[in-house]
Each structure stands twice: as C-alpha cells, then as structure tokens.
Amino acid sequence: MSGPVAERFEFASPHDGLRLCARLDRSTHHRARIVLVHGLGEHAARHDDVAQALVAHGFDVARLDLRGHGLSDGKRGDVPSFDAILDDVQGLMREAAHRLPPAKVVLWGHSLGGLIVTSLAWRRRPDVAGVVALAPAFRPARRPPRWKLALAHVLIRTFPAFTLGNSLDVRGLSHLQDVVARYRHDPLVHRRISSRLGLGMLDEGQALLLCEPVPSVPILVVHGDEDRITSLEASREFARRHPHVELVVRPGAYHELHHERDRTAVLDAALAWIDARLAQR
165 MSGPVAERFE FASPHDGLRL CARLDRSTHH RARIVLVHGL GEHAARHDDV AQALVAHGFD
225 VARLDLRGHG LSDGKRGDVP SFDAILDDVQ GLMREAAHRL PPAKVVLWGH SLGGLIVTSL
285 AWRRRPDVAG VVALAPAFRP ARRPPRWKLA LAHVLIRTFP AFTLGNSLDV RGLSHLQDVV
345 ARYRHDPLVH RRISSRLGLG MLDEGQALLL CEPVPSVPIL VVHGDEDRIT SLEASREFAR
405 RHPHVELVVR PGAYHELHHE RDRTAVLDAA LAWIDARLAQ R
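Here is the structure:
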C-alpha cells in the first residue's frame, strides 16, 4: 500500500527529556486522531500500512518510536519505569494536539503497545473516545521459566538496565513468511529486554487483570486464537472483568493481526468499531 510520506519530528520526553522520534500521518478529513503505539522490539515504521489504512479512512495518525526502540534515544530494550512510557505517550498526545486540527482521540496499540494504551486509559484517564488493543501483552502466552523470573528479580536489584534476549520466536508473528523475513532483517528491530521492563510488563498486565473496571472508556480487544506470544486467555479475563470491553477472537491468527492473512478484515472491523464509538460521542 502506498501513500503520502509521514511527517517526522522529534520531541523531548516529559519524563526525563530523552529525545523521542515520532511521525504524523495527515488525512484530508481529520475525522479523528489515532495515537498508535507499537510493540516490544520494533518501531513505528512497521505500522506504515496500518497508518495508511487509517488515513484513507479519514483519520490522522500520531505514532512514536518508544524509548529504547527504533530511532528514539535510550538503551535498546530498557526503560526506567512503566510510568516513563506512559509519560512519553502522553507527550506524543500533546505534540499531536499542537500539530493537528482538533479531533476526538482514539488510542491504538499492538502487543506491548496494547498494554500501554490500556494502562494509559486506566491510570491517567485521558479524554479519549476509545481504545483499540491488538493482541495486548496482558500476560505472555507461556509463563517465563522460574529460573528466568528469579534471575530478573536479582538483576532488577543489582543491574536493572542490563538486557538479555527477549526469547521471541519470530515464527509466531504471522503466517506470512515475508512478514517474518522482513522482521528478521529489519535493522531497527532489536530483541533485547531488561529486567525492569520485563517485570514491569508482567506487573502492569497483572494489575490490569485485577483492577476495577475502567469507567466509561470503550475498549476493543482483538486477539488471534493461535497467538503464541501473548495470552488470549488473559484477554478473555480482561473482557470478562470490564463491562466496556468488547473482545473479538480471530480464528487461525498469529500475533501480528495487522500483518496476517485476514488483515484487511481485522482493520475493517476495527475501523467500523471506531466509527460507532465516534458516533456516540
């Protein structure tokens, strides 16, 4: 899919001044503003096709490379805290508000990004029309081995920024082999994770599964039933607990729903859901 070139810009993190790289994709209709957050180890440009579909639907898109990812500064795979990530995304939201016409805001995230946007809606309560979380990382599909968790708890006390391989099986990203091949050879993709990021993700996911319902914020969760990276059962638990959550399970889909065989149907359904939420506000 081809489309207009995204406008790139940089801004300083409101958390600690770290240089963050971001991009805007402008529509001609400005029907809504989508704040898009990518997953662990990747970067915003891997979602170019998603952004172009959103723009074609009349939505502006703001996206950033998370700290320690892509073109943004920071040690690869490390963050000082989960709050730092939330601060960064809220910084992107403010930058987008300055640079784009007024519009209702929808948060959109995949994997770690899905965890981030859901956490942001719960903890910070921004004024948003809805949240779309694709394969959110509420919990890994397989529990980490006990030895790895024990090592992480030692490292977080002694060398919290020290990173290890994230053990991602890239074959579980998509049935489409060209997607897997591009991921393997993408120079901006990394496969590192620190103890404080890994444990922070586990803790935040568990907190969301146990928290009081997010008041009045509609949330769409989409998960593949063959996802081997993040837990479908955790998404089911989240949907059962929160009355404003709609869960859609995609049969036969791996982790990157937006890069799967039925990606057009996934995106069309998410766009229809957003349209319905915008009509209600």
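For the sequence shown, our numbering begins at 165 and goes up steadily by one. Quick reminder that beta carbons are idealized off the backbone N, C-alpha and C, glycines included. Since the structure is predicted, the reported quantities are computational estimates derived from the model, not experimental observations.
Helix, strand or coil at residue 288 according to DSSP, with G and I counted as helix = coil
By the 10 Å Cβ neighbour count, where 16 or more other Cβ atoms means buried, how is residue 272 classified, buried or exposed?
-> buried
Local conformation of residue 196 per DSSP, three classes | strand
Close beta carbons around residue 305, own chain, < 7 angstroms, minus the five adjacent residues each side = 391, 392, 393, 394 and 395
Limits of the unbroken alpha helix (DSSP H) element including residue 448 = Past the edges of the chain, shown from 165 to 445, lies residue 448, and the structure says nothing about it.
Specify, as a first and last residue, the run of the alpha helix (DSSP H) that residue 485 falls within.
-> Limits of the chain in this structure are 165 at one end and 445 at the other, which puts residue 485 out of reach.
Is it a yes or a no for the stretch 416 to 429 touching the stretch 377 to 388, going by three-plus beta-carbon pairs under 8 angstroms?
-> yes
Could you check the C-alpha separation between residue 432 and residue 404 for me, to the nearest Å?
-> 24 angstroms
Counterpart residues of residue 296 in DSSP-defined beta bridges | 272 and 384
Straight-line gap, residue 367 to residue 180 (C-alpha atoms, nearest Å) | 22 angstroms
Bounding residues of the beta strand (DSSP E) (the contiguous stretch that carries residue 206) = That residue, residue 206, is in no beta strand (DSSP E); it is neither H nor E in DSSP.
What residues are listed by DSSP as bridge partners for residue 356?
-> 329
Alpha carbon to alpha carbon, what distance is there between residue 301 and residue 220?
-> 28 angstroms
Which residues DSSP lists as bridging residue 226, in chain order = 188 and 199
In its own chain, which residues sit with a C-beta less than 7 angstroms from the C-beta of residue 347, not counting the 5 before and 5 after it?
-> 334, 337 and 353
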